[in-house]
Structures are given as structure tokens and as C-alpha cells.
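Worksheet: the structure to be examined is printed underneath.
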Amino acid sequence: MHTLDGHRIVVASHNAGKLREFADLMAPFGIEAKSAKDYGLPEPDETGTTFEENAYI
């Protein structure tokens with residue numbers, strides 16, 4: 013089990029727009045948003061035909 017190390021959340025996305033949205037939402041609470049890319053995580057091949065299918069990848 014992992015715990016938060018302070019005031020940081022990892023957004024499991026490589027999408028810069030999504031990261032900005034999360035960063036803007038979390039900033040008033042003093043929480044830093046980091047992307048999957050910041051941690052060297054690979055970008056998945058989103059081969060689904062819908063957003064929902066891709067969410068499961």
C-alpha cells in the first residue's frame with residue numbers, strides 16, 4: 013500500500029491539458045499535480061474505440 017508523501021498527486025496521464033486542469037484544481041489546496049511522464053512511466057497505446065475502453069488500458 014502506498015501513502016501520499018505530503019501534498020502531491022500523480023495524474024496517471026501524459027496529456028498536458030489534463031495535467032494543467034488537475035494542477036489548477038489542486039493549487040488552492042496546496043497540492044502539487046505531477047504527471048505519469050514526470051515519473052518516467054510509459055505512455056500506453058490507447059487502442060480502444062471509446063474513452064471508456066481506453067480508461068481500462
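Just so we're on the same page, the numbering used here is the position in the sequence shown counted from 1, plus 12.
Where is the CB? At the ideal position from N, CA and C, for every residue including glycine.
As the structure is a prediction and not an experimental result, all values here were calculated from the model.
query, result
"Between which two residues does the alpha helix (DSSP H) carrying GLU65 extend?", "63 to 67"
"Count the other CB atoms, across all protein chains shown, that sit within 10 Å of the CB of PHE41; report buried if there are 16 or more and exposed otherwise.", "exposed"
"Could you pull the DSSP bridge partners for ARG32 from this structure?", "Bridge partners of ARG32: none, in fact."
"Quick one: residues in its chain with C-beta nearer than 6 Å to the C-beta of ASN66, no 5 flanking neighbours on either side, listed in chain order?", "GLU58, GLY60"
"If I measure Cβ to Cβ from GLU55 and keep anything under 8 Å in the same chain, skipping five residues before and after, which residues do I get?", "HIS26, ALA48, LYS49"
"Go ahead and label ALA24 buried or exposed: buried means 16 or more other beta carbons lie within 10 angstroms of its beta carbon, across all protein chains shown.", "exposed"
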